[in-house]
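Enquirer: This structure is in structure tokens; I'll ask about it shortly.
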């Protein structure tokens, strides 16, 4: 996909939780590829940007919902270009809420990192 600005991380986590609910599999793995910083949230069905605290709160709420889904066996956030401490801390906070982990990734190595991760056993 092409970047369009103002990442709604909470919306992505909500979609993942909804997909896990519908899944017939007893084991859903969720991988979120992001720069780590929620910049928008959903209000009345619309994306709203410009309120970073509300965006982070919404993303954390959705991460907690994801963690409660019985079908979710693992959550990994692939953090692209982890150079800014704010982005790293945001990613770590969201992964903690989702009971998952963060893997820092060079965008040029994304495919290789993801394939390597998929081959490794998931730690619950």
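Residue numbers (the numbering used here): 21 to 144. All residues carry an ideal CB built from backbone N, CA and C; glycine is no exception.
Between residue 59 and the rest of its own chain, which residues show a CB-CB distance below 7 Å, the 5 nearest in sequence each way excluded?
Expert: For the purposes of this step, residue 59 is taken as residue 39 along the chain shown, with counting starting at 1. These residues qualify, in order along the chain: 26, 27, 69, 72 and 75.
Enquirer: Kindly indicate if chain E contains any beta-carbon less than 9 Å away from that of residue 39.
Expert: Absent from the structure is chain E; it holds one protein chain and no more.
Enquirer: Can you look up residue 56 in the DSSP assignment and give me helix, strand or coil?
Expert: Counting from one through the chain shown, the residue named residue 56 turns up at place 36. Correct three-state label for residue 56: coil.
Enquirer: If contacts are defined as beta-carbon pairs under 8 Å, then residue 114 and residue 29 qualify, I think. What distance do you get, rounded to the angstrom?
Expert: In the chain shown, the residue the question calls residue 114 occupies position 94. In the chain shown, the residue the question calls residue 29 occupies position 9. The beta-carbon separation of residue 114 and residue 29, rounded to 7 Å, stays under the 8 Å limit for a contact.
Enquirer: Roughly how many angstroms lie between the CA atoms of residue 101 and residue 46, to the nearest whole one?
Expert: By 1-based counting over the chain shown, the position of residue 101 is 81. By 1-based counting over the chain shown, the position of residue 46 is 26. Those two C-alpha atoms are separated by around 33 Å.
Enquirer: In three-state terms, what does DSSP make of residue 89?
Expert: Counting from one through the chain shown, the residue named residue 89 turns up at place 69. If DSSP states are grouped into helix, strand and coil, residue 89 belongs with coil.
Enquirer: Count the other CB atoms, across all protein chains shown, that sit within 10 Å of the CB of residue 129; report buried if there are 16 or more and exposed otherwise.
Expert: Counting from one through the chain shown, the residue named residue 129 turns up at place 109. Classification for residue 129: exposed.
Enquirer: With burial defined as no fewer than 16 other Cβ atoms inside 10 Å of the residue's Cβ, what is the status of residue 35: buried or exposed?
Expert: Counting from 1 along the chain shown, the entry for residue 35 is found at position 15. Residue 35 comes out exposed.
Enquirer: Using 8 Å for Cβ pairs, my map puts residue 108 next to residue 137. What's the rounded Cβ distance?
Expert: Along the chain shown, one-based indexing puts residue 108 at 88. Along the chain shown, one-based indexing puts residue 137 at 117. Contact flag wrong, Cβ pair sits at about 18 Å.
Enquirer: Taking all protein chains shown into account, decide if residue 135 is buried (16 or more other Cβ within 10 angstroms of its Cβ) or exposed.
Expert: Within the chain shown, residue 135 is the residue found at index 115, counting from 1. Exposed is the call here.
Enquirer: So, at 7 Å on beta carbons, what are the nonlocal neighbours of residue 127 in its own chain, with the 5 sequence-adjacent residues on each side left out?
Expert: Your numbering for residue 127 matches position 107 in the chain shown. So the qualifying residues of the chain are 100 and 101.
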